[in-house]
Amino acid sequence: MTADSTAQASAPGCPVHSGRDDRKSAKIAAQNLAPPKDARLIKTFGLAREILRSPVSKQAGAGAEQIVLDNPDHISFFFLDGDQHRKRRTAVANYFSTKTIVARYHTIMQRTMDALIAHLQAKGEVELDELSFQMAVDVASEILGLTNSGDNLALARRIRGMLELTDFQRHGPIRRMYSQILLGIKALEFMRKDLKPAVKARRIEPREDVISYMVKENYSKKAMFIECLTYGSAGMLTTREFIVMAAWHLFDNEALRDRYLAGDEPDQFAILEEILRLEPVASLLHRRPVQEIQSAKGHVAANELVCISLRDANTDEAITGPCPYQLDPDRARRVKMIGSYMSFGDGPHRCPGSQVALHETRIFLDRLFRIPGLRLKNPPNVTWNQQIQGYELHGAVVAVDRA
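Read in order, the letters of the sequence shown are residues 50 to 452 in my numbering.
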């Protein structure tokens, strides 16, 4: 039995391949993962889920505790808690529903793939993260309502430029100041070319998207910009990385790739979610309970800062079964678990765009791997983003025979 073939087999006892590790991001995560020194690290799935689902847990980390809530209506719902968060999330929930994804966004995903495949076949080779980011931007811009820019390729470049400048932690003081100035310039360009035209159009004719909702609720331009940037970092960047990571696994594993292309939609989702279990793009979530949490899974003191390791929770053998580092698409069904485990978080702040990300990744890879002569010319370089505490994949080049 080859290593490739075992990746699709159910191996509850794992008698032969004990110790096998199919993760591609484990090494760089081990070298760079940096939980806050004053936080208690939570590694078990059960206690992590209890904390995330508890109504007394408040968001911490990612600047959440520095947010000034003097006007919560103009703060991204990602940073809110309790009734304020629930109200805002409910207001936009329909934009992320499976029904809406299939009815509205599948057409956009397929149209984007038509253009990306034509681009790839015309050039002969392209960096994979360029293609995956364009897919993520095209879909997210429809959800947000950034549809009046005239050129989605230029929109993608502007968003990418801004997001790459927000990780100030990797720079020294002078470079940080320069990056902040440059971000301000790029933000003004985004406001002028993308956000203002979208707002103007929706004042005249509202649509079913986030900007229409913000116009209706009289958001300021600054609040709209922050919301767009938050969606960008939470959705576009993470989806870009996951598409490249999943493609890398399929390129390296012929049996898994054959199963993916032969599988129906549920089986393709099972493969993607199992890859995501092993390779969560974001690695840490932070919470601070305002009251004590006491359960059979463990105890957390009131006001104790906790840092939940998604990587450890996703590979907790108590919930995954044997061989937690082995890529096994049948695992979740066998142990009766949601396939992505903790990769999208849990509780009231579970990623609202999880289904969007899975659907666009499924369609992207299904279309990509059916291109005749497709090959991975260069594997990706794996780097680490300190801001989101997650991996980044750049430099993967896919090639085809030119049309």
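We treat Cβ as the ideally placed atom computed from N, Cα and C, and that holds for glycine.
As the structure is a prediction and not an experimental result, all values here were calculated from the model.
Checklist entry - To the nearest angstrom, how far is it from the Cα of N427 to the Cα of E179? => result 14 angstroms
Next on the checklist: I need the boundaries of the alpha helix (DSSP H) containing S190, first residue and last residue.
Outcome noted: Per DSSP, the unbroken alpha helix (DSSP H) holding S190 starts and ends at L177 to L193.
Next on the checklist: Using only the alpha-carbon positions, how far apart do D450 and G199 sit?
Outcome noted: 31 angstroms
Next on the checklist: Whole angstroms are fine: how far does the CA of K271 sit from the CA of Y227?
Outcome noted: 21 angstroms
Checklist entry - Hey, how far is the Cα of K242 from the Cα of R251? => result 15 angstroms
Checklist entry - So L425 packs on F300, CB below 8 angstroms; how close in whole Å? => result 4 angstroms
Next on the checklist: Please identify the residue among G233, A311, Y309 and E314 whose C-alpha is closest to the C-alpha of F274.
Outcome noted: G233
Checklist entry - Any idea if I223 is buried or exposed, counting beta-carbon neighbours within 10 angstroms, 16 or more meaning buried? => result exposed
Checklist entry - Considering I387, what are the terminal residues of the beta strand (DSSP E) in which it resides? => result Taken as a continuous stretch (DSSP letters only), I387 belongs to no beta strand (DSSP E), as it is neither H nor E.
Item to check | Neighbourhood of G370 by C-beta distance below 8 angstroms, restricted to the same chain and skipping five residues each side | outcome: Here the set comprises P61, R380, R383 and V384.
Checklist entry - Hey, quick one: how far does the beta strand (DSSP E) through K107 stretch, first residue to last? => result S106 to A109
Checklist entry - Hey, R416 and I166 are a contact pair by Cβ (cut 8 angstroms); roughly how many whole angstroms apart? => result 6 angstroms
Checklist entry - Exposed or buried, which one is E322 when buried takes at least 16 other CB atoms within 10 Å? => result buried
Item to check | Alpha carbon of R160 to alpha carbon of E99, nearest angstrom | outcome: 41 angstroms
Checklist entry - By Cβ distance below 8 angstroms, which residues in the same chain neighbour L212 in space, the five residues on each side in sequence not counted? => result L278, G281, S282, M285 and L286
Checklist entry - Assuming L354 contacts D87 under a Cβ cut-off of 8 angstroms, what Cβ separation, rounded to an integer in Å, is found between them? => result 6 angstroms
Item to check | CB of S332 within 7 angstroms of CB of L82, strictly | outcome: In this structure, L82 lies closer than 7 angstroms to S332 by Cβ.
Item to check | Straight-line gap, G422 to A448 (C-alpha atoms, nearest Å) | outcome: When rounded, the distance between both Cα atoms is 8 angstroms.
Checklist entry - Can you tell me the Cα-Cα spacing of T51 and A164, whole angstroms? => result Here T51 scores only 30 on pLDDT, less than 50, and its place in the model should not be relied on; the value that follows carries that caveat. Their Cα atoms are separated by approximately 37 angstroms.
Next on the checklist: Restricting to Cα atoms, I'd like to know which of I77, I91, K76 and A319 is closest to L334.
Outcome noted: Comparing Cα-Cα distances from L334 to each of I77, I91, K76 and A319, the minimum goes to I91.
Checklist entry - From this set, D71, I230, L193 and P255, which residue's C-alpha is nearest G210's C-alpha? => result I230
Checklist entry - Relative to the alpha-carbon of A445, which residue among A452, V248, R326 and P429 has its alpha-carbon at the smallest distance? => result P429
Item to check | Cut-off 6 angstroms between Cβ atoms - residues of its own chain near R69, not counting five sequence neighbours on either side | outcome: Q375
Next on the checklist: Counting C-beta neighbours from all protein chains within 10 Å, is the total for K172 16 or more, i.e. buried, or is it exposed?
Outcome noted: exposed
Checklist entry - When you compare each of K265, L325 and S403 to I150 by their alpha carbons, which one comes out closest? => result S403
Item to check | Separation of I357 from E441, as counted between CA atoms | outcome: 20 angstroms
Next on the checklist: Here's a check: name, in chain order, each residue in its chain whose Cβ is nearer than 8 angstroms to the Cβ of Q340, leaving out the five neighbours to either side.
Outcome noted: V105 and A351
Item to check | G281 - DSSP class collapsed to helix/strand/coil | outcome: helix
Next on the checklist: What residue range does the alpha helix (DSSP H) around E409 cover?
Outcome noted: S403 to L417
Item to check | Backbone CA spacing between D187 and N201 [nearest angstrom] | outcome: 7 angstroms
Item to check | Other residues of its chain near G396: CB distance less than 6 angstroms, five sequence neighbours each side excluded | outcome: L101 and R102
Next on the checklist: If the criterion is Cβ atoms closer than 7 angstroms, does the pair D506 and K148 meet it?
Outcome noted: Within the shown structure, residues of the chain are numbered from 50 to 452, placing residue 506 beyond reach of any answer.
Checklist entry - Comparing alpha-carbon positions, which option in L359, S190 and S181 lies nearest G439? => result Residue L359 is the option with its Cα nearest to G439.
Checklist entry - Which residue comes first and which comes last in the beta strand (DSSP E) that contains K242? => result Where K242 is concerned, there is no enclosing beta strand (DSSP E), given that its DSSP letter is neither H nor E.
Checklist entry - Do you know whose CA, among R419, Y144 and I253, lies nearest P401's CA? => result Y144
Checklist entry - How about A362 and M391: do their beta carbons lie closer than 7 angstroms? => result Yes.
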